[in-house]
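Engineer: Each residue of the first sequence is one higher than the one before, counting from 4 in our numbering.
Even glycine gets a Cβ: it sits at the ideal position worked out from N, Cα and C.
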Amino acid sequence: MPELPEVETTLRGISPHLLNQKIEAITVNQPQLRWLIPDSVIQLANVTVISLERRAKYLLIQMDNQQSLIIHLGMSGSLRFCHPSDERRKHDHVIFHLNDTQELRYHDPRRFGCFLMEPTTSVFEHPLLIKLGPEPLCSDFNPDYLIALAKKRHKSIKTLIMDQHVVVGVGNIYACEALFSAGIHPATICNKVPTKKLKALVSAIHEILTAAIAQGGTTLKDFVQSDHQPGYFAQQLCVYGRANQPCPTCDTEITVMTLGQRSTFYCSTCQK
DNA sequence: CGAACCTCCTGCGGGC
DNA sequence: TGCCCGCAGGAGGTTC
4 MPELPEVETT LRGISPHLLN QKIEAITVNQ PQLRWLIPDS VIQLANVTVI SLERRAKYLL
64 IQMDNQQSLI IHLGMSGSLR FCHPSDERRK HDHVIFHLND TQELRYHDPR RFGCFLMEPT
124 TSVFEHPLLI KLGPEPLCSD FNPDYLIALA KKRHKSIKTL IMDQHVVVGV GNIYACEALF
184 SAGIHPATIC NKVPTKKLKA LVSAIHEILT AAIAQGGTTL KDFVQSDHQP GYFAQQLCVY
244 GRANQPCPTC DTEITVMTLG QRSTFYCSTC QK
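1) Taking the alpha carbon of Gly172 as the reference point, which residue from Lys275, His20, Leu76 has its own alpha carbon closest?
2) So Ile98 is in the beta strand (DSSP E); what residue range does that whole segment cover?
3) Three-state secondary structure (DSSP) at Thr191?
4) Judging by CA-CA distance, which residue of Glu6, Lys93, Phe144 is the nearest neighbour of Val31?
5) Give the range of the alpha helix (DSSP H) segment to which His209 is assigned.
6) List the endpoints of the continuous beta strand (DSSP E) containing Ala28.
7) For the region 95–149, which segments carrying the beta strand (DSSP E) assignment without a break, of at least 3 residues, lie completely within its bounds, in sequence order?
8) Among Leu62, Asp230, Cys141, Val126, which has the Cα closest to the Cα of Thr213?
9) What would DSSP say about Glu256, mapped onto helix, strand or coil?
10) Given 8 Å as the limit, is there contact between the region 228–235 and the region 5–19, that is, 3 or more CB pairs closer than that?
11) Who are the near neighbours of Pro146 in its chain, counting only those whose CB is closer than 7 Å to its CB and skipping five residues on each side?
12) May I have the straight-line CA-CA distance separating Gln35 from Arg114, to the nearest angstrom?
13) Could you have a look at Arg15 and say whether DSSP puts it in helix, strand or coil?
14) Less than 8 Å between the C-beta atoms of Gln65 and Ser54, yes or no?
15) Taking 8 Å as the threshold (C-beta atoms), are Leu101 and Gln24 in contact?
16) What's the C-alpha gap between Cys250 and Lys199?
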């Protein structure tokens, strides 16, 4: 579920409530996520949040004890604010106790998310973060960069842009949408994509992610923002999840194929 | 090194 | 109605 826009939406939702807020304690109901939640997280108490940021799909929460919490939402994770008396739902695995009227709950049915702790000074050197590619919305991700990479790799353009070591934050939904926007068939081997189209692809990724963030992300099944509202970008998807429906541009039926073991949606007329 | 496949887990929708 | 199967937005690990 959460791709970059959903993680960014979560960050923007939780930041105002967590910044300078004290975390009194943490309750872990289910420690087995993608990896076991470490004791350093479980034992966290009486710390104050001093900054929050996002790197790729990771949330980084810096605290006043020189430690930073690294959270990944996996495929089905979400963070939302609740009143302590609100009924606890199945799969509410982690509870941040903030004060008498508010707590933050991490909910993740599939348990592919993770919670890690790292000294703040070395958080970006963490093995999970150090090899990540550039942020898609920063100037390091530009046509020259993608053209140089595409030239020396041999895989489909779709799996290239979904590789977090190439560019972060582009998941299956937005990869499909960006390739549609740029008019590129997703199975094209990346070194065969014309330079002009690679330039269009960089722009498309930038525009689609920006638009999705503005809409609060995409809610397909159960993604909700931290205030429990859904994201509204799903209404603007052109190809993703629209198998056999007409292409919004030319009315050709949208095709589905599998690439890198992921469902891939495209228009066989618009994308060559 | 790069590419392709496997894997973790639960929930849901479609088909019978 | 209910059961079973396949599939789902991520991405690290393994293997070749």
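Structural biologist: Based on what the coordinates show:
1) Start at 1 with the first residue of the first sequence, and residue 172 comes out as number 169. Closest by alpha carbon: Leu76.
2) On the first sequence, position 95 is the one that residue 98 refers to. Here the beta strand (DSSP E) through Ile98 covers 95–102.
3) Translated into the one-based positions of the first sequence, residue 191 becomes position 188. DSSP places Thr191 in coil when its eight states are reduced to three.
4) Translated into positions along the first sequence, residue 31 becomes position 28. Ranking the options by Cα distance to Val31, first place goes to Lys93.
5) Residue 209 sits at position 206 when you count from the first residue of the first sequence. Counting along the chain, the alpha helix (DSSP H) containing His209 begins and ends at 198–217.
6) The sequence position of residue 28 within the first sequence is 25, counting from 1. Residues 25–31.
7) 95–102, 105–110, 117–122
8) Locating residue 213 in the first sequence gives position 210, where the first residue counts as 1. The shortest Cα separation from Thr213 among Leu62, Asp230, Cys141, Val126 belongs to Cys141.
9) Translated into the one-based positions of the first sequence, residue 256 becomes position 253. Strand.
10) With a cut-off of 8 Å, the region 5–19 and the region 228–235 count as touching, because enough Cβ pairs lie within range.
11) Counting from one through the first sequence, the residue named residue 146 turns up at place 143. Within the same chain, Pro146 has close Cβ partners Leu201, Lys202, Val205.
12) Taking the first sequence and counting its residues from 1, one reaches residue 35 at position 32. Taking the first sequence and counting its residues from 1, one reaches residue 114 at position 111. Rounded to whole angstroms, the separation of the alpha carbons of Arg114 and Gln35 is 7 Å.
13) Translated into the one-based positions of the first sequence, residue 15 becomes position 12. The answer is helix: DSSP assigns Arg15 an H, G or I state.
14) For the purposes of this step, residue 65 is taken as residue 62 along the first sequence, with counting starting at 1. For the purposes of this step, residue 54 is taken as residue 51 along the first sequence, with counting starting at 1. Their beta carbons are under 8 Å apart, which means Gln65 touches Ser54 by this criterion.
15) Along the first sequence, one-based indexing puts residue 24 at 21. Along the first sequence, one-based indexing puts residue 101 at 98. Yes.
16) Indexing the first sequence from 1 puts residue 250 at position 247. Indexing the first sequence from 1 puts residue 199 at position 196. Roughly 23 Å between the two C-alpha positions.
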